[in-house]
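Counted from 1, the sequence shown has number 224 at position 231 by my numbering; the numbering is strictly sequential.
Built from N, CA and C at the ideal position, the CB exists for glycine as well.
In this text the structure is predicted, and so the values were computed from the model without any measurement.
Let me begin by presenting the structure, written as structure tokens, before commenting on it.
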Amino acid sequence: MPSAPQQRLDVDDVASHEGVDAATHAIPDSARSGRLSLTMAWWGVCSALFYIFLAATLATAYGTVNTVIAMVLTVITYGLVNGLLARYAVGTGLSVALFSRVLFGRVGALLATAIFSLTAIYYAIFEGSVIAVAASKVVGGLDYGTACIIVVAYSVLLVFGSVQRFLDKLNGVLLPLYLLGLVAAVVATVVKYGYSNAWLTFEPAGGASSTGWLQAYVAYMGVWVLMMFTFDYARFGARKDVDYHARINFGVPFYVVTFLVNGLVGIFLITSGEVAEVSETGVVDQLLTVLGGWVALAFIWATQTRINSANYYLATVNMQAFFQRLGLSLAKGVWAVVVGVVVLVLMRATDVFSYILNALNYQGIFVTGWVAIAVTHILSPAYRRLFGDRVVYRAEDVPGLNPAGLAAWIAGAGLGLLMVLTGVGATWAPVVTVVVSAGLYAALLRFGRRSWFERVAVDDQRLADRPEEPAPA
């Protein structure tokens, strides 16, 4: 895949001034993070038990071999796409919310921002519930509802202050505990149950499907939201570190740990132990069994706190950006509390574990469509032909609607959603969404006009759209 064009914003961009909120403006060079700092903050995302659970679930449905093939293909896909997105985000300093203005216009960007915020909230609910379940099983007298309050309270506090300065310190401390816990879980499982190579060839009852690897790969497309996570984190990277971030920090090495290492551990734990049900609570129960209550709780707390620091931050800044465009401007801390209240209510009112795969299907439709359009936009020369290296993103400069981006997203996501709702080819809905969204957007860009991306006067538009006259002989 070709590299992303190194676009950057005008030097007089408003975000270059002190005191500008990063949630609603591009990140200036003076506010970029160091290489190690951003690495520590970002690598907190790799430690969710969700990745362990997802691989275990897919292995029981399609077999170990098919799941491993899917994980390898997923690592390659994520490495290529996120390398591209990271280069663009570092070059421009834009967030998902701001870049969505370029793709969809002011109004269209609201939908992308809302979906991203809600998705991050969903994961915060999911991962927070894991800690609460584990704590209620280990700590005597602590019920699940009270555990939820404690988890949400300290998670909200993680959002206050500077995310660059705090998350790297937090995740730097928790990273060794996570890695040690992962190794300890495997060793303890071997000690308790013994070791057998059977987990490497595990197949579901009736045998593994010949296309199971492809079905498992499509299931992993449901977590393409990590590509949006990449965009919102990579924007903090220094331009001089762009190659490191594209190739290493947000590239293949990160996803080897996130999907392959976590996935193999998940498959091993579930297929080697006596787990009656494959669910994230099943993974929790297995960890409690092999590690012991308090050790397992410490490991679960470390893993889930690392990922939830990202979930709460991204949910907060995108909610802030969404409501600011609707005219409601409040401090980031206020929105962090709002996110916490929403998470707490849903944690206590719903069985989040029961609808994990359905939620992945629905969110995957919209997110994969966004990613397809974003990648197509970055690779296409159409925007650069119109604006050169300039990126128009300010709310007062972009139009309300971008017909190309919105048409492509609505068509792709609409068809994918229809497939899921009717059950006709539902398994392949994310693939169809990507193909339709990318294909239609690429086709429309061939006829792209400046007015799709920038508010211009009628006379200016006519001049911009007029073919150049040949030079006199």
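Residue state for Ser93 is assigned as helix, using DSSP reduced to three classes. For a cut-off of 8 angstroms, the C-beta gap from Ala113 to Ala308 is around 4 angstroms, short enough to register as a contact.
Below 8 angstroms, too few C-beta pairs join the stretch 316 to 331 and the stretch 205 to 218 to call them touching: fewer than three. Judged by DSSP secondary structure, Trp287 falls within the alpha helix (DSSP H) whose first and last residues are 286 to 318. CA-to-CA, the gap between Phe229 and Ala191 works out to about 44 angstroms. Judged by their CB atoms, Val330 and Val176 are not nearer to each other than the 8 angstroms cut-off.
In the structure shown, the three-state DSSP call for Gly200 is coil. Here the C-alpha atom of Ala140 lies approximately 9 angstroms from the C-alpha atom of Gly121. Here Ser40 is buried: its Cβ has 16 or more other Cβ atoms, across all protein chains shown, within 10 Å. One Cα belongs to Ile45, the other to Asn59, and the distance between them is close to 16 angstroms. Closest option to Trp402, judged by alpha-carbon separation, among Gln313, Gly362, Phe380: Gly362. Between the stretch 275 to 287 and the stretch 245 to 263, the count of Cβ pairs shorter than 8 angstroms is three or higher; the stretches touch. DSSP places Ser430 within a helical segment (H, G or I) once states are collapsed to three.
The stretch 239 to 250 makes no contact with the stretch 178 to 188; the number of CB pairs closer than 8 angstroms stays below 3.
Look at Gly418 here: in three-state DSSP terms it is coil, with no helix or strand label. By a beta-carbon distance limit of 8 angstroms, Val276 contacts Ala49. Their separation comes to about 7 angstroms. For secondary structure counted as the alpha helix (DSSP H) over 4 or more consecutive residues, the stretch 191 to 263 holds these complete runs in sequence order: 205 to 213, 218 to 227, 245 to 248.
Rounded to whole angstroms, the gap between the alpha carbons of Lys130 and Gly138 is 12 angstroms.
For the set Met340, Leu399, Gln313, Gly56, the Cα lying nearest the Cα of Leu257 is the one of Gly56. When C-alpha distances from Gly37 are compared across Val385, Trp445, Trp294, the shortest belongs to Trp294.
Take the alpha-carbon of Ala52 and the one of Asp390: they are about 49 angstroms apart. No residue range can be given for Asn395, since it is assigned to no alpha helix (DSSP H) and is classified by DSSP as neither H nor E. When only Cα atoms are considered, Ala397 and Leu339 end up about 36 angstroms apart. Per the Cβ contact rule, the stretch 406 to 418 is not in contact with the stretch 101 to 113 (fewer than 3 Cβ pairs under 8 angstroms).
The beta carbons of Asn311 and Ala117 sit no closer together than 8 angstroms.
Closest option to Phe222, judged by alpha-carbon separation, among Asn75, Arg28, Leu394: Asn75.
Under DSSP, Ser26 shares a beta bridge with Gly230. Within the same chain, Cβ atoms closer than 8 angstroms to the Cβ of Val211 are found at Thr420, Trp421, Pro423, Val424, the five residues on either side in sequence being excluded.
With contacts defined by Cβ atoms closer than 8 angstroms, Val364 and Val95 do not form a contacting pair. Taken atom to atom, the span from the alpha-carbon of Val123 to that of Phe97 is near 36 angstroms. In the structure shown, Tyr116 falls within a helical segment according to DSSP collapsed to helix, strand and coil. In the DSSP assignment, Ala41 falls outside any alpha helix (DSSP H) and carries neither an H nor an E.
In the three-state reduction of the DSSP assignment, His18 falls in the coil class, being assigned neither a helical nor a strand state. Ranking Thr32, Leu151, Ser189, Phe440 by CA distance to the CA of Tyr376 puts Phe440 first.
For the pair Arg318 and Leu103, the CB atoms are nearer than the 8 angstroms cut-off. Excluding sequence positions up to five before and after Ala431, its CB lies within less than 6 angstroms of the CB of Ala365, Thr369, all in the same chain and listed in chain order.
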